[in-house]
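Q: Note that the sequence shown covers residues 1 to 1029 in UniProt numbering.
A virtual CB, placed ideally from N, CA and C, is assigned to each residue, including glycine.
Values in this document were obtained by computation on a predicted structure and should not be read as measured data.
The structure follows.
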Amino acid sequence: AIKSFQKLLYVCPDFVRANEVHLRLGLMLKVNGDYEQSLKHLQLALNDSSPCTLAQLEIRFHVAHLYEVQNKYRTAKEAYERLLASKQLTSSLKADIYRQLGWMYHTVELLGDKVQRERLAIHCLQKSIEAEPRSGQTLYLLGRCFAGINKVHDAFIAYRNSVEKSEGNADTWCSIGVLYQQQNQPMDALQAYICAVQLDKSHSAAWTNLGILYESCNQPRDAYACFRNATINQDQQKDRTVSACEKSTVPAASTGTTTAATGGATTAAAASGTSLTQRIKFLQQHLGNAPMPSITSKRRQLPSIEEAWNLPISNEMSSRQQQTAQAQQRQFQKGYGQVSFVIVFVGPAGGGVVGTVAGQPVPPFYLNQQQVLQLQFLQNQNNLTAQQQAMLQTLTNQYRSSTKSPPIKAEATSTTTAAAAGSGAKRQLLTGSKQQQHPDIKLEPVVKLEKLPSPSSGGLDGSSSSSASSSSQRQAGELKDVPAVCSVLSADAPPPCPPDCPPTRLTREQLQPPTPSVFLENKKDAFSPQLQEFCLKHPIAVVRQLGAALKLDLGLFSTKTLVEANPDHTVEVRTQVHQSPDENWDGNKNSKVWACISHRSHTTIAKYAQYQASSFSDKIKVSVVGWKGKKHICRVGGGTGTGGGNSSAAGNGKRKKCKNGNKMLRFGTNVDLSDERKWKAQLQELQKLPPFARVVSAANMLSHVGHMILGMNTVQLYMKVPGSRTPGHQENNNFCSININIGPGDCEWFATPDSYWGGIQALCEKNNINYLHGSWWPALEDLYAENIPVYRFTQRPGDLVWVNAGCVHWVQAIGWCNNIAWNVGPLTARQYQLAVERYEWNKLESYKSIVPMVHLSWNLARNIKVSDPKMFESIKTCLMQTMKHCMQVLEYVKSLHIEVRFHGRGKNEASHYCGQCEVEVFNVLFIREQEKRHIVHCMGCARKQSPGLQGFVCLEEYTLDELMQVYDAFVLHTPPPPLPPIAAPPAQSPQHVQQPASSPAGALINVSSSSTAVAAATSCSSSSASAAG
1 AIKSFQKLLY VCPDFVRANE VHLRLGLMLK VNGDYEQSLK HLQLALNDSS PCTLAQLEIR
61 FHVAHLYEVQ NKYRTAKEAY ERLLASKQLT SSLKADIYRQ LGWMYHTVEL LGDKVQRERL
121 AIHCLQKSIE AEPRSGQTLY LLGRCFAGIN KVHDAFIAYR NSVEKSEGNA DTWCSIGVLY
181 QQQNQPMDAL QAYICAVQLD KSHSAAWTNL GILYESCNQP RDAYACFRNA TINQDQQKDR
241 TVSACEKSTV PAASTGTTTA ATGGATTAAA ASGTSLTQRI KFLQQHLGNA PMPSITSKRR
301 QLPSIEEAWN LPISNEMSSR QQQTAQAQQR QFQKGYGQVS FVIVFVGPAG GGVVGTVAGQ
361 PVPPFYLNQQ QVLQLQFLQN QNNLTAQQQA MLQTLTNQYR SSTKSPPIKA EATSTTTAAA
421 AGSGAKRQLL TGSKQQQHPD IKLEPVVKLE KLPSPSSGGL DGSSSSSASS SSQRQAGELK
481 DVPAVCSVLS ADAPPPCPPD CPPTRLTREQ LQPPTPSVFL ENKKDAFSPQ LQEFCLKHPI
541 AVVRQLGAAL KLDLGLFSTK TLVEANPDHT VEVRTQVHQS PDENWDGNKN SKVWACISHR
601 SHTTIAKYAQ YQASSFSDKI KVSVVGWKGK KHICRVGGGT GTGGGNSSAA GNGKRKKCKN
661 GNKMLRFGTN VDLSDERKWK AQLQELQKLP PFARVVSAAN MLSHVGHMIL GMNTVQLYMK
721 VPGSRTPGHQ ENNNFCSINI NIGPGDCEWF ATPDSYWGGI QALCEKNNIN YLHGSWWPAL
781 EDLYAENIPV YRFTQRPGDL VWVNAGCVHW VQAIGWCNNI AWNVGPLTAR QYQLAVERYE
841 WNKLESYKSI VPMVHLSWNL ARNIKVSDPK MFESIKTCLM QTMKHCMQVL EYVKSLHIEV
901 RFHGRGKNEA SHYCGQCEVE VFNVLFIREQ EKRHIVHCMG CARKQSPGLQ GFVCLEEYTL
961 DELMQVYDAF VLHTPPPPLP PIAAPPAQSP QHVQQPASSP AGALINVSSS STAVAAATSC
1021 SSSSASAAG
């Protein structure tokens, strides 16, 4: 659905119900945990003045909730409070807001003192119940709050009311069991827990508490069975654990639900997956050594788990189920007429067992209460007689018939789904519009299943009876020839999509190809044209010993020099888990995953240098202790580049430590070295590089942008400790990149050819990670299984890594080191084509392209002569498409009698992007003041806010005459014929560069010494002596 909606918006940005599409995209992305993208689409829906199935206040509620699930609690609280100040709130929405606010007060320590928070939480939840008295979920949360401050009686009342007013909720029964257990009523607690796990067989909290209950009653076999059940789906249930020995609740900032306080050994044992596993092992050993129970053994305090499961529901609980059914029947008859409703209990065989039917006259194939219990009993028996087997078959067929009832049409009830995102389970929001509520949806606290009320004015197809919508449609028809944005690809090009992987099956050796490597001995080798040709021929290449060959002073980029030069310069810090390069574990170390844990913060060079040095000192101390105790020296990090032998040893040591100790590290990234006043010596040193690798060069596309793009046409520095990771990615807009290791330690690189990026993108989707926005570390075995080859190599100090256009790569530091990096754009048809294709795919994915390809294309047309027909046609197509679009937009604006003011462009002025949808806005800008700032809009976003463009100022950067002159002057260049060869003395034979024994096997080339200037690897020649701007 997400892909279809994205393609719809790409093909038709002016779709009459585009705001509805943005709303649905925002809600689906929210469920998937892609919160940044979700917020972007919800904001676009909010800014659109067209009719929508959700009112603006309801969309604002979803935006506030997005802040909450991202742990931006203060922002969420302010947004909720602003909503409550509105006089147009419906009672249902007011109830939702108060419930979210109340639960935040209960769980989030940041919102104040505990006593005050609990008081406010109870107040908000009571206000929510006033607004929506029939909300069973709010009553359940109120019970949790009362239980948290030991108001047991009030908690019982709230829980009972919750059961009476809502469909059977496993969380409620689990919490009732906790209260009974705390009051030393084990039989009542047992029945409550059994109700919980019958409603939700995978309810880890109820199984865990039931195990603790059995263990406290000295029934280890039953405890063992319950603990085993608790571990089955623990990852999905881990954010809602309520301990049986809980005396008080502890706020869990990461999930917003309450977790257990350690009230004893058994509670502590069950508090985490690791402890629960240890408890299971202990019980296994205990049961293995225990004697078989005898007839004379002491009578058990509680029924066994098998007996408890098959016990009839107590009168109290049964009556509550009947009351629930009757209440639901009254509600549905009032709101929807005669409909059927089925309460489902999950039985031990895994199938749903129908309990009660209300609404329509009960068809004969529905099971009654006695038949339900009989079916449950028979499903749990091993040896059945022929008569019992026949009965089981009859009841099973009857049950299957009952599950084929028509879709349930009912108001959406309060439910949630939990999904792991980042370091822990995040609260998600499911949405639906008069949809069937599947009985397997799990009921949990915190977030409700928001309903999208059916539109009073029309459906999703854009049909409407209102005059406003009709006029919108008429206007859309009139404007169909003026698209909001235009494609820079050919007019008939389909929507961009990731490519399929090459079909050729690769052997294991081919899946691990040798990395193309070249060794330099002197400056002539570095400046030879063959070196550039070699780099452009391979997906990735390592240029060994470049620093020594060019006599680069790498000390200028050392931590010591950086601190002396600019100690207060900003460093972005990523906090990560230390792991070996081959592994990437989830937060609990339970399973290998693709998602990378990486939290952002900021510091200064001086402070990070202190951390870098202290981590090195700590390693030295550990090494010395190891030497004294074990009579051997543990090597430090990746060494100083003298060889690769110690790198694997360091990795192995770290791997062992990581899996048990969960050690965290801090990676200093994105240190901006663009300011020539601060970093003059460093930037001058890089002028020693050959032209194709320089930051600024006439043959570098990115030097023709005309303004800085930080980290792309400027230098960035990375400060690393062992284990620092740069997750998997392709460079922005698929440009090439240069990376030089300063040292003293090594880095390990992984890379995949660009033709396989579609396969990696599919694997990211499979692992529920956004390829462009997410942080991911590929599992090598997953890649090999999908026939995707991976280059793997070590980058030593002084080595340059050339990442060719589109190459997917990820990097991990072996030792302590610094790296410098920037992007380059060789003037080749392949580079330009990959850049514009990614530019268009970014539009489809609502991802900002930080390289303004339209602006760059016009500058290239002004500045260079192109003799490559493919590159010429690609650039010419872009110019034609964008100039045509400018003409259409200007004609449309003038037809609305809006003045177009000439604005021009200032020197080094940055390109413009829409402040709403973040697409590049070229030439014609729509400006509107928002919060005392003048915001640029594309025409699409401007029209959505104001169909007649009232309140917008229209600016023009270039006249049409100027653009037409550039277009006409851009012609295919024919290079002059080569000069005839001149007789020369016999040249020496090419110098063969041999690979040292310590280096990894690689594809080597012969680099011959030559005094010839570097020839471009393309047929493009620069018509300007220096880069534009």
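Determine the extent of the beta strand (DSSP E) in which Y784 is found, giving its start and end residues.
A: Start at 1 with the first residue of the sequence shown, and residue 784 comes out as number 784. Taken as a continuous stretch (DSSP letters only), Y784 belongs to no beta strand (DSSP E), being part of the alpha helix (DSSP H) at L780 to A785.
Q: Note down the Cα distance separating Y771 from Q181, rounded to an integer number of angstroms.
A: Stepping through the sequence shown from its first residue, residue 771 is reached at position 771. Stepping through the sequence shown from its first residue, residue 181 is reached at position 181. The alpha-carbon atoms of Y771 and Q181 are separated by roughly 47 Å.
Q: With DSSP as the reference, label M708 as helix, strand or coil.
A: As a first step, residue 708 is located in the sequence shown; it is residue number 708 there, counting from the start. M708 falls in the coil class under three-state DSSP.
Q: Measuring only the C-alpha atoms, how far is E837 from Q43?
A: Taking the sequence shown and counting its residues from 1, one reaches residue 837 at position 837. Taking the sequence shown and counting its residues from 1, one reaches residue 43 at position 43. In a straight line, the C-alpha of E837 is about 27 Å away from that of Q43.
Q: Does N804 pass the burial test, meaning 16 or more other C-beta atoms within 10 Å, or should it be called exposed?
A: Indexing the sequence shown from 1 puts residue 804 at position 804. Per the 10 Å Cβ criterion, buried.
Q: So for N823, helix, strand or coil by DSSP?
A: For the purposes of this step, residue 823 is taken as residue 823 along the sequence shown, with counting starting at 1. Strand.
Q: Please classify P186: does DSSP put it in a helix, a strand, or coil?
A: Locating residue 186 in the sequence shown gives position 186, where the first residue counts as 1. Here P186 sits in helix by DSSP.
Q: Could you tell me which residues DSSP puts in a beta bridge with V953?
A: In the sequence shown, counting from the first residue as 1, residue 953 sits at position 953. Beta-bridge pairing links V953 to I927.
Q: Whole angstroms are fine: how far does the CA of N47 sit from the CA of residue 1030?
A: No answer is possible for residue 1030: it lies beyond the span of the chain, which begins at 1 and ends at 1029.
Q: Using the C-alpha atoms, what's the distance from W749 back to E957?
A: Position 957 of the sequence shown, counted from the start, is the residue given in the question as residue 957. Position 749 of the sequence shown, counted from the start, is the residue given in the question as residue 749. Computed Cα separation, rounded: 44 Å.
Q: Should Q198 be labelled buried (16 or more other beta-carbon atoms within 10 Å of its own) or exposed?
A: What you label residue 198 is simply residue 198 of the sequence shown in a count that begins at 1. It counts as buried.
Q: Where DSSP assigns a beta bridge to F667, which residues make up the other side?
A: Translated into positions along the sequence shown, residue 667 becomes position 667. DSSP output for F667 lists R574 as bridge partner(s).
Q: Looking at the structure shown, is N32 part of a helix, part of a strand, or coil, going by DSSP?
A: Here residue 32 is taken as the residue at index 32 of the sequence shown, counted from 1. Coil at N32, not helix or strand.
Q: Rounded to a whole number of angstroms, what is the C-alpha to C-alpha distance between K848 and P744?
A: Here residue 848 corresponds to residue number 848 of the sequence shown, with the count starting at 1. Here residue 744 corresponds to residue number 744 of the sequence shown, with the count starting at 1. Those two C-alpha atoms are separated by around 36 Å.
Q: Looking at the structure shown, is residue 1031 part of a helix, part of a strand, or coil, going by DSSP?
A: Only positions 1 to 1029 of the chain appear in the structure, and residue 1031 is not among them; the question remains open.
Q: With DSSP as the reference, label W802 as helix, strand or coil.
A: What you label residue 802 is simply residue 802 of the sequence shown in a count that begins at 1. DSSP places W802 in strand when its eight states are reduced to three.
Q: Can you tell me whether W309 is helix, strand or coil according to DSSP?
A: In the sequence shown, the residue the question calls residue 309 occupies position 309. In this structure, W309 counts as helix in the three-state DSSP scheme.
Q: For S775 and G728, I'd like the C-alpha separation in whole angstroms.
A: In the sequence shown, residue 775 corresponds to position 775, counting from 1. In the sequence shown, residue 728 corresponds to position 728, counting from 1. The alpha-carbon atoms of S775 and G728 are separated by roughly 7 Å.
Q: By DSSP's criteria, L717 is part of a beta bridge. Which residues make up the other side?
A: Stepping through the sequence shown from its first residue, residue 717 is reached at position 717. Paired residues: V671 and I820.
Q: Please classify G143: is it buried, with 16 or more other beta-carbons within 10 angstroms of its beta-carbon, or exposed?
A: Counted from its first residue, the sequence shown places residue 143 at position 143. Per the 10 Å Cβ criterion, buried.
Q: Going by the DSSP bridge assignment, what does N739 pair with across the sheet?
A: As a working mapping, residue 739 is identified with position 739 in the sequence shown. According to DSSP, N739 bridges with V801 and A821.
Q: If you drop the 5 nearest sequence neighbours on each side, which residues of the same chain put their C-beta closer than 8 Å to that of M187?
A: Taking the sequence shown and counting its residues from 1, one reaches residue 187 at position 187. Cβ within range, chain order: L302.
Q: How big is the Cα-Cα spacing for L9 and F15?
A: As a first step, residue 9 is located in the sequence shown; it is residue number 9 there, counting from the start. As a first step, residue 15 is located in the sequence shown; it is residue number 15 there, counting from the start. Straight-line Cα distance between these residues: approximately 7 Å.
Q: Given this structure, state the Cα-to-Cα distance separating V518 from C736, to the nearest angstrom.
A: Translated into the one-based positions of the sequence shown, residue 518 becomes position 518. Translated into the one-based positions of the sequence shown, residue 736 becomes position 736. If you take the alpha carbons of V518 and C736, they lie about 18 Å apart.
Q: Along the alpha helix (DSSP H) that carries S601, what are the first and last residues, could you check?
A: Stepping through the sequence shown from its first residue, residue 601 is reached at position 601. Premise fails: S601 lies in the beta strand (DSSP E), S598 to T604, not in any alpha helix (DSSP H).
Q: According to DSSP, simplified to helix, strand and coil, what is R330?
A: Looking up residue 330 in the sequence shown gives position 330. With a pLDDT of 44 at R330, under the threshold of 50, the predicted position of this residue should be treated as unreliable, though the coordinate-derived value follows. Correct three-state label for R330: helix.
Q: Does the pairing of the stretch 877–890 with the stretch 914–926 give three or more beta-carbon distances under 8 Å?
A: Touching, yes, given that three or more Cβ pairs across the two stretches are closer than 8 Å.
Q: Report the three-state DSSP secondary structure of A526 (helix, strand or coil).
A: Translated into the one-based positions of the sequence shown, residue 526 becomes position 526. A526: helix per DSSP, three-state reduction.
Q: Taking the C-alpha atoms as reference points, what is the distance between residue 1030 and L190?
A: Here the chain has residues from 1 to 1029 only, and residue 1030 is not among them.
Q: Can you tell me the Cα-Cα spacing of N787 and D492, whole angstroms?
A: Here residue 787 is taken as the residue at index 787 of the sequence shown, counted from 1. Here residue 492 is taken as the residue at index 492 of the sequence shown, counted from 1. One C-alpha to the other measures close to 32 Å.
Q: Do I605 and P581 count as a contact pair if the criterion is CB distance below 7 Å?
A: Your numbering for residue 581 matches position 581 in the sequence shown. Your numbering for residue 605 matches position 605 in the sequence shown. No; because the gap between Cβ atoms is not below 7 Å, this pair is not in contact.
Q: Counting pairs of Cβ atoms below 8 Å between the stretch 868–884 and the stretch 957–969, do you hit three or more?
A: The stretch 868–884 vs the stretch 957–969: in contact.
Q: What would DSSP say about S517, mapped onto helix, strand or coil?
A: For the purposes of this step, residue 517 is taken as residue 517 along the sequence shown, with counting starting at 1. Strand at S517.
Q: Please determine, among D672, A95 and L213, the residue with the shortest C-alpha to C-alpha distance to L710.
A: Along the sequence shown, one-based indexing puts residue 710 at 710. Closest option to L710, Cα to Cα, is D672.
Q: Taking three-plus beta-carbon pairs below 8 Å as touching, is the stretch 503–510 in contact with the stretch 838–858?
A: No: the two stretches stay apart, fewer than three of their Cβ pairs being nearer than 8 Å.
Q: Assuming T172 and Y159 are in contact, meaning their beta carbons sit under 8 Å apart, how far apart are those beta carbons, in whole angstroms?
A: Start at 1 with the first residue of the sequence shown, and residue 172 comes out as number 172. Start at 1 with the first residue of the sequence shown, and residue 159 comes out as number 159. With 8 Å as the limit, T172 and Y159 qualify as a contact, their Cβ atoms being about 6 Å apart.
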